[in-house]
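Below: one structure, written as structure tokens.
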Amino acid sequence: MAITFYTNPMSRGQIVRWMLEEVGEPYETVVLDYSDDGMKSAAYRAINPMGKVPAIVHDGRVVTECAAICAYLADTFPAAGLAPPPAERHAYYRWLFFAAGPVEAAVTNRALGFVVPEGRERMAGYGSFDETVATLETAVSGDAWICGDQFTAADVYVGAQVDWGLSFKSIPSSPLLEAYAARLRERPAYKRQKEIDGALIAATQKQG
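Sequential numbering from 1 applies to the sequence shown in UniProt numbering.
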């Protein structure tokens, strides 16, 4: 297989598996644990020096970081229709990288109990958590997808942030976010990803 996918089912690798299922190309899965023999091994650090998953290797080319992998796969397999035409990618790029930057930082900092000191919001990049979530809502405020009627890689990445955030209550619920998440959860590729990773998690817990 041309694509090798390095992951752990209890990680952001779920985002990339969803994207791979949307693309529909065959891929090989390599499951790594969090040990020195897994993600932290010299062999895997040769692929990702950060020693974290997910990562893909496609025809010898390494891609890491979830948003980058989603964008790469959309461009590499255009027949899947997961990226708009180049002249119409303004919303696609805007919200894909908004989720990878401000949303990721704001949600993570809040989960860790970090609060930006008053008056220092400009240094944080995302301003405040509330501003970030309010802005996120504008990305999904339509009746369909981020780029209108076309479902794209931006919906996979932004959608994963919304889906997880609502599920684990790291993002506050709202009618707009709940409606968007409900649409995402009906996608066959989303369901396949949950089934595959759910089975891997269950197998891991049984072994433990």
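A virtual CB, placed ideally from N, CA and C, is assigned to each residue, including glycine. Since this is a predicted model, take the numbers as computed values, not measurements.
To the nearest angstrom, report how far apart H58 and Y6 are at their CA atoms. Start at 1 with the first residue of the sequence shown, and residue 58 comes out as number 58. Start at 1 with the first residue of the sequence shown, and residue 6 comes out as number 6. Approximately 11 Å between the Cα atoms of the pair.
Give me the Cα-Cα distance between S173 and F114, rounded to the nearest whole angstrom. Taking the first residue of the sequence shown as 1, we reach residue 173 at position 173. Taking the first residue of the sequence shown as 1, we reach residue 114 at position 114. Taking the straight line from one Cα to the other gives about 21 Å.
Sheet register partners of V31 (DSSP bridge): The sequence position of residue 31 within the sequence shown is 31, counting from 1. Note: V31 is bridge-paired with T7 in the DSSP secondary-structure output.
Do the segment 169-184 and the segment 81-97 meet, that is, are 3 or more Cβ pairs less than 8 Å apart? no
State the DSSP-derived secondary structure class of V63, mapped to helix, strand or coil. Position 63 of the sequence shown holds residue 63. Under the three-state reduction of DSSP output, V63 falls in the strand class.
From the DSSP output, read off the bridge partner residues of V57. Here the question's residue 57 lines up with position 57 in the sequence shown. Per DSSP, T4 and V62.
I need the straight-line Cα distance from Q150 to D75, nearest angstrom please. Counted from its first residue, the sequence shown places residue 150 at position 150. Counted from its first residue, the sequence shown places residue 75 at position 75. Distance between the alpha carbons of Q150 and D75 is about 15 Å.
Which residues in the same chain as V103 place their Cβ atom closer than 7 Å to its Cβ, once the five residues preceding and following it in sequence are excluded? Counting from 1 along the sequence shown, the entry for residue 103 is found at position 103. If we look at V103 and ignore the five residues flanking it on each side, its Cβ neighbours are T132, L136 and Q161.
Rounded separation between Q193 and G119 - CA only: What you label residue 193 is simply residue 193 of the sequence shown in a count that begins at 1. What you label residue 119 is simply residue 119 of the sequence shown in a count that begins at 1. Rounded to whole angstroms, Q193 to G119 spans 42 Å at the Cα level.
Closest by C-alpha distance to I171, when choosing among L32, R110, S41 and E28: Walking along the sequence shown from the start, residue 171 turns up at place 171. It is R110.
How far does the alpha helix (DSSP H) with N109 in it extend, from its first residue to its last? One-based indexing of the sequence shown puts residue 109 at position 109. E104 to A111 is the span of the alpha helix (DSSP H), which, as asked, contains N109.
Starting from the C-beta of A67, find all residues in its chain whose C-beta is less than 8 Å away, skip the five residues before and the five after it, and write them out in chain order. Your numbering for residue 67 matches position 67 in the sequence shown. Closer than 8 Å at the Cβ level, and outside the excluded window around A67, lie L96, F97, A99, A100 and Y157.
Could you tell me whether the segment 33-53 touches the segment 78-93, where touching means 3 or more Cβ pairs closer than 8 Å? No, the segment 33-53 does not touch the segment 78-93.
Measure from the alpha carbon of A203 to the alpha carbon of each residue in R17, K40, S41 and P9, then state which is nearest. Within the sequence shown, numbered from 1, the residue matching residue 203 stands at position 203. With distances taken between Cα atoms, A203 lies closest to P9.
I want to check one thing, is the minimum distance from the CB of Y27 to the heavy atoms of the ligand FAD below 7 Å? Inclusion of the ligand FAD in the displayed structure is not the case, the ligand content being empty and no account of it being possible.
Of all the alpha helix (DSSP H) runs that stay within the bounds of the UniProt domain "GST C-terminal" (85-208), which reach a length of 4 or more residues? List check, alpha helix (DSSP H) in window: 90-98, 104-111, 121-124, 129-139, 153-167, 175-184 and 188-207.
Check this for me: beta carbons of A154 and E22, under 8 Å apart or not? Position 154 of the sequence shown holds residue 154. Position 22 of the sequence shown holds residue 22. No. Outside cutoff.
Whole angstroms is fine: what's the gap from S11's alpha carbon to K52's? As a working note, residue 11 is residue 11 in the sequence shown. As a working note, residue 52 is residue 52 in the sequence shown. So the alpha carbons of these two residues sit roughly 9 Å apart.
Just the C-alpha distance for S128 and T138, rounded to the nearest angstrom, thanks. Along the sequence shown, one-based indexing puts residue 128 at 128. Along the sequence shown, one-based indexing puts residue 138 at 138. In a straight line, the C-alpha of S128 is about 16 Å away from that of T138.
Tell me the DSSP secondary structure of E22 in three-state form. Within the sequence shown, residue 22 is the residue found at index 22, counting from 1. Of the three classes helix, strand and coil, the one that applies to E22 here is helix, per DSSP.
DSSP three-state call for G81: helix, strand or coil? Stepping through the sequence shown from its first residue, residue 81 is reached at position 81. It is coil, neither helix nor strand.
Please identify the residue among R17, A2, T4 and I3 whose C-alpha is closest to the C-alpha of D197. Sequence index remark: in the sequence shown, residue 197 carries index 197 (1-based). Of the residues R17, A2, T4 and I3, the one whose Cα lies closest to the Cα of D197 is R17.
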